[in-house]
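Undergrad: This is the structure, below, for whatever I ask next.
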Amino acid sequence: MRVLTAAESRGADRRAIEELGVPALVLMENAALGVADAVGERFPEARRVVVVCGPGNNGGDGLALARQLATRGYEVEARLARFGRELSGDCAHQRALAAGLGIPVAEIGAGELDGEAERLGRFDLVVDALFGTGLNKPLDGAFAALVAALDACGRPVVAVDLPSGLDADAAAPIGPAAAARLTVTFGSLKPAHVLPPACDRCGEVVVADLGVPLAAEEGPGALHLLVGEELAGALSPRRADAHKGDFGHLLLVAGSRGKAGAAVLAARAAVAGGAGLTTVAAPEELLSPLVAGCPEAMSVALPQTRGGGIALAAVEALLAAARERTTVAIGPGLGRDPETEEAVRRLALATDRLLVLDADGLNAFAGRVEELGHRPAPTVLTPHPGELARLLVDQPDRQPGDGLGRLGRRADRAPGGAPGAGRGARVRGRAGGLLARAGRRPGRGAAGRPRGRRRGADRLAGCGLAGARPDMRRWRSAAAGETFELGRALARELAPGRALLLSGELGSGKTVLVQGLAAGLGLDPGRVQSPTYTLLAEHGGAGVRLLHFDLYRLEPAEVAAAGFEELLLGPGVKAVEWAERLPFEVPGALAIRIRRRGDEREIEELEPAAARS
8 MRVLTAAESR GADRRAIEEL GVPALVLMEN AALGVADAVG ERFPEARRVV VVCGPGNNGG
68 DGLALARQLA TRGYEVEARL ARFGRELSGD CAHQRALAAG LGIPVAEIGA GELDGEAERL
128 GRFDLVVDAL FGTGLNKPLD GAFAALVAAL DACGRPVVAV DLPSGLDADA AAPIGPAAAA
188 RLTVTFGSLK PAHVLPPACD RCGEVVVADL GVPLAAEEGP GALHLLVGEE LAGALSPRRA
248 DAHKGDFGHL LLVAGSRGKA GAAVLAARAA VAGGAGLTTV AAPEELLSPL VAGCPEAMSV
308 ALPQTRGGGI ALAAVEALLA AARERTTVAI GPGLGRDPET EEAVRRLALA TDRLLVLDAD
368 GLNAFAGRVE ELGHRPAPTV LTPHPGELAR LLVDQPDRQP GDGLGRLGRR ADRAPGGAPG
428 AGRGARVRGR AGGLLARAGR RPGRGAAGRP RGRRRGADRL AGCGLAGARP DMRRWRSAAA
488 GETFELGRAL ARELAPGRAL LLSGELGSGK TVLVQGLAAG LGLDPGRVQS PTYTLLAEHG
548 GAGVRLLHFD LYRLEPAEVA AAGFEELLLG PGVKAVEWAE RLPFEVPGAL AIRIRRRGDE
608 REIEELEPAA ARS
């Protein structure tokens, strides 16, 4: 998925207006419609909404939204913060339209901010339409105070395009910035939506369609978000008569004295991830723990330094081994011995195989990443922020993500690339692009420290694109988007004929999870709503069929009388809300209970029978 900078996004808007003849106000109306739809889907219980608008076009989007919500039956107020600035032409036009519809638009004075957080807290939902992607300097004075009121109001905040205070192109907040539960952006994602720590202020991010093509030219530093749908296209089904020789042979160069575990983890991941054959090349003293830790992998014993690292004399043996393999991965647990680093550089620059550089393989090229541009084959870099800082040692990173721009500017000198290891890690692609890896839930690395990834780097180096079922015995969802993604992942678990039994209080997110399930099945999640008044909704057709039950208004005896048992045992995927009302067991079902704890959801997987009353 392409991620546009603020300038690219403005250029796409300008082409739509000047070349396609789409009026700017039409784009603004489409933006408001997109936000209104997202509000209705994500906050179905909200009725009273306040829209806090700035003086520019983002404020115009907010005033158009207020009008759209009012026509849908919401009780809406708008609060306009100018603080001495002139309104943009489109914002002034939208203010006049809102006034004509009778929507209250109260102008906030710079000296009237005492108690603003309390005033905002009287509404069910607060919309932040102060500043969007045009901001490139820190907020101060009254605007900074108003952003603080947004954060202190105690109500869910929906950001229009971008939480106010963020620079759309910056990975780190440039000053005070609002924290949103939901951000609705237009046409495309922006770097701040996907790169931490700025993305942590965005909450769930929804991209609304403006109704016009927003393609931008590719160039050095072009950013892409790596999403599951795109990865799925790279994973083709394996033939029934396939065997290990059909799926490549990986040479993994890893390990040193005291760091055999890194080599074992990487080797295990390579085997589990689908490599046909895996050979680990390591210092000779590590062969015993390697064989014990991953007996599926073959091994090559290498001469070692006094410190237990790979000796320079190993280069010829490594090059010979690489010629017999299809891919080479270098780095996990190699250590920083100067002789080992020289051996790594010679191997990396001489081999003509696809190369993955991770951990100490990257450190061997600290300050000299341009040398990799002369390699004869593609190179994959997986740096976390510290490793990226060492690669770009001429200007060390001061903030997470600062290396993004510089890595992009080196696009003509650095090697090709693939997904990064860290949360939002960036690497350069052979066409001059950068990839950001989706996902913000922290996992734990091999050493037990919290990491911004689901697996440690050692496993990533060997694992590639392998997927695994999420562990749901205990799982927390801090945003509706995470619950949605869990539902999407569950689609892989629920073959036709199986049922998902959901229990939990009102507003716990059961319907959101079913919407994600529908998306994972290839159905339109927007059509999945709570079927409380119809009891049963059917989606899809003969190919993919989803039956969505809601038993909230039924007693167990009524469920039995309704004939649902036959449907739950029949074909199609079934999702049942309020499954604790079921008076019978559903064989083979997956049962999940959702507990609401403040803004978080705790999701627990249960034995199927535990879902019964």
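When we follow the numbering used here, the leftmost residue of the sequence shown carries the number 8, and every step to the right adds one. From the three backbone atoms N, C-alpha and C, an ideal C-beta is built for every residue, glycine too.
Between the region 520-536 and the region 80-90, do three or more beta carbon pairs fall short of 8 Å?
TA: The region 520-536 vs the region 80-90: no contact.
Undergrad: Three or more C-beta pairs under 8 Å: does that hold for the region 150-161 against the region 191-208?
TA: At 8 Å Cβ cutoff, the stretches do not touch.
Undergrad: Identify the continuous beta strand (DSSP E) that holds Gly547 and give its terminal residues.
TA: Along the sequence shown, one-based indexing puts residue 547 at 540. Note, Gly547: beta strand (DSSP E), 543-547.
Undergrad: Decide if Gly516 is buried, meaning its Cβ has at least 16 other Cβ atoms within 10 Å, or exposed.
TA: To locate residue 516, count along the sequence shown from 1; it is residue 509. Per the 10 Å Cβ criterion, buried.
Undergrad: How about Gly359 and Pro385: are their beta carbons less than 7 Å apart?
TA: Start at 1 with the first residue of the sequence shown, and residue 359 comes out as number 352. Start at 1 with the first residue of the sequence shown, and residue 385 comes out as number 378. Rather than Gly, the amino acid found at residue 359 in this sequence is Asp. For Asp359 and Pro385, no; Cβs fall outside 7 Å.
Undergrad: State buried or exposed for Phe591, treating a residue as buried only when at least 16 other CB atoms are found within 10 Å of its CB.
TA: Sequence index remark: in the sequence shown, residue 591 carries index 584 (1-based). By the neighbour-count rule (16 or more Cβ atoms within 10 Å), Phe591 is not buried but exposed.
Undergrad: Looking only at C-alpha atoms, which of Ala19, Ser306, Gly340, Ser510 sits nearest to Gly268?
TA: Mapped onto the sequence shown, residue 268 falls at position 261. For the residues Ala19, Ser306, Gly340, Ser510, the minimum Cα distance to Gly268 belongs to Gly340.
Undergrad: For a quick check, are the C-beta atoms of Leu76 and Cys60 less than 7 Å apart?
TA: The residue given as residue 76 occupies position 69 in the sequence shown. The residue given as residue 60 occupies position 53 in the sequence shown. Cβ distance not < 7 Å, so Leu76 and Cys60 don't count as in contact.
Undergrad: Tell me which same chain residues have a C-beta within less than 6 Å of the C-beta of Ala113, skipping the five on either side of it?
TA: Residue mapping note: residue 113 aligns to position 106 of the sequence shown, counting from 1. Excluding positions up to five away in sequence, the list reads Arg86.
Undergrad: Considering Cα atoms alone, identify which of Gly579, Pro578, Leu558 is closest to Ala569.
TA: Numbered from its first residue, the sequence shown carries residue 569 at position 562. Measuring from the Cα of Ala569, the nearest candidate turns out to be Leu558.
Undergrad: Tell me which residues share the same chain as Lys149 and place their Cβ nearer than 7 Å to its Cβ, disregarding the 5 neighbours each side in the sequence.
TA: Residue 149 sits at position 142 when you count from the first residue of the sequence shown. Checking the displayed sequence, the identity of residue 149 turns out to be Ala instead of Lys. Result list for Ala149: Phe90, Ala117, Leu120, in chain order.
Undergrad: When you compare the region 308-316 with the region 333-350, are there three or more beta-carbon pairs, one atom per stretch, that lie closer than 8 Å?
TA: These segments touch.
Undergrad: Pro263 and Gly182: beta carbons closer than 7 Å?
TA: For the purposes of this step, residue 263 is identified with residue 256 of the sequence shown, where counting begins at 1. For the purposes of this step, residue 182 is identified with residue 175 of the sequence shown, where counting begins at 1. In the sequence as displayed, the identity of residue 263 is Ser instead of Pro. In this structure, Gly182 does not lie closer than 7 Å to Ser263 by Cβ.
Undergrad: Under three-state DSSP, which class holds Glu303?
TA: What you label residue 303 is simply residue 296 of the sequence shown in a count that begins at 1. Glu303 falls in the coil class under three-state DSSP.
Undergrad: Roughly how many whole angstroms lie between the Cα atoms of Glu323 and Phe372?
TA: Start at 1 with the first residue of the sequence shown, and residue 323 comes out as number 316. Start at 1 with the first residue of the sequence shown, and residue 372 comes out as number 365. One C-alpha to the other measures close to 20 Å.
Undergrad: According to DSSP, Glu584 sits in a beta bridge with which residue or residues?
TA: For this step, residue 584 is matched to residue 577 along the sequence shown. Beta-bridge pairing links Glu584 to Leu509, Asp557.
Undergrad: Starting from Glu82 and walking both ways along the alpha helix (DSSP H), at which residues does that stretch end?
TA: Counted from its first residue, the sequence shown places residue 82 at position 75. It is not in any alpha helix (DSSP H) - Glu82 instead sits in the beta strand (DSSP E) that spans 82-88.
Undergrad: Distance, Cα to Cα, Val634 vs Ala396?
TA: One cannot answer for residue 634 here, as it falls past the ends of the chain, which runs 8 to 620.
Undergrad: Name the residue from Leu507, Ala567, Arg534, Gly533 whose alpha carbon lies nearest to the alpha carbon of Gly595.
TA: Sequence index remark: in the sequence shown, residue 595 carries index 588 (1-based). Closest option to Gly595, Cα to Cα, is Leu507.
Undergrad: With DSSP run on the structure shown, which of helix, strand or coil describes Leu257?
TA: For the purposes of this step, residue 257 is taken as residue 250 along the sequence shown, with counting starting at 1. Here Leu257 sits in strand by DSSP.
Undergrad: Have a look at the DSSP bridge pairing and note the partners of Glu211.
TA: The residue you call residue 211 lines up with position 204 of the sequence shown. Glu211 pairs with Leu189.
Undergrad: So which of Leu217, Leu325, Thr333 has the shortest CA-CA distance to Leu354?
TA: Here residue 354 corresponds to residue number 347 of the sequence shown, with the count starting at 1. Cα-wise, what sits closest to Leu354 is Leu325.
Undergrad: Where do the N-terminal and C-terminal ends of the alpha helix (DSSP H) with Asp44 fall, by residue?
TA: Stepping through the sequence shown from its first residue, residue 44 is reached at position 37. Taken as a continuous stretch (DSSP letters only), the alpha helix (DSSP H) holding Asp44 covers 31-49.
Undergrad: For Glu492, collect the residues of the same chain with a Cβ closer than 8 Å to its Cβ; drop the 5 residues on either side in sequence, then sort them by chain order.
TA: Within the sequence shown, numbered from 1, the residue matching residue 492 stands at position 485. Here the set comprises Gly523.
Undergrad: Can you list, in chain order, the residues of its chain whose CB lies under 7 Å from that of Ala282, leaving out five sequence neighbours each side?
TA: Counting from one through the sequence shown, the residue named residue 282 turns up at place 275. Contacts found: Phe254, Gly255, Leu257.
Undergrad: Under a three-way DSSP split, which group does Gly290 fall into?
TA: Within the sequence shown, residue 290 is the residue found at index 283, counting from 1. The residue you asked about is not Gly; residue 290 is Pro in the sequence shown. The answer is strand: DSSP assigns Pro290 an E or B state.
Undergrad: In angstroms, rounded to a whole number, what distance separates the CA positions of Glu82 and Leu554?
TA: Looking up residue 82 in the sequence shown gives position 75. Looking up residue 554 in the sequence shown gives position 547. Distance between the alpha carbons of Glu82 and Leu554 is about 34 Å.
Undergrad: Nearest to Thr518 by CA position, among Ser537, Asp135, Arg505, is which residue?
TA: Position 511 of the sequence shown holds residue 518. Among Ser537, Asp135, Arg505, the Cα nearest to that of Thr518 belongs to Ser537.
Undergrad: Alpha carbon to alpha carbon, what distance is there between Leu362 and Ala249?
TA: Numbered from 1 along the sequence shown, position 242 holds the residue referred to as residue 249. Numbered from 1 along the sequence shown, position 355 holds the residue referred to as residue 362. Their Cα atoms are separated by approximately 25 Å.
Undergrad: Please state whether DSSP places Ile110 in a helix, a strand or coil.
TA: On the sequence shown, residue 110 is found 103 positions in, with the first residue counted as 1. Here Ile110 sits in coil by DSSP.
Undergrad: Any heavy atom of the ligand COA closer than 6 Å to the beta-carbon of Ile610?
TA: As for the ligand COA, it is missing from this structure, which has no ligand bound.
Undergrad: Confirm, please, whether the CB-CB distance from Lys581 to Leu589 is below 7 Å.
TA: Taking the first residue of the sequence shown as 1, we reach residue 589 at position 582. Taking the first residue of the sequence shown as 1, we reach residue 581 at position 574. No. Outside cutoff.
Undergrad: Do you know offhand how far Ala229's Cα is from Leu364's?
TA: Counting from one through the sequence shown, the residue named residue 229 turns up at place 222. Counting from one through the sequence shown, the residue named residue 364 turns up at place 357. One C-alpha to the other measures close to 22 Å.
Undergrad: Would you kindly work out how many angstroms separate the C-alpha atoms of Gly41 and Glu211, rounded to a whole number?
TA: Here the question's residue 41 lines up with position 34 in the sequence shown. Here the question's residue 211 lines up with position 204 in the sequence shown. Rounded to the nearest angstrom, the two C-alpha atoms are 15 Å apart.
Undergrad: Would you kindly report the start and end of the unbroken beta strand (DSSP E) that includes Asp135?
TA: One-based indexing of the sequence shown puts residue 135 at position 128. Residues 132-136.
Undergrad: Smallest Cα separation from Arg495: which of Asp531, Gly514, Gly504?
TA: Position 488 of the sequence shown holds residue 495. The candidate whose alpha carbon is nearest that of Arg495 is Asp531.
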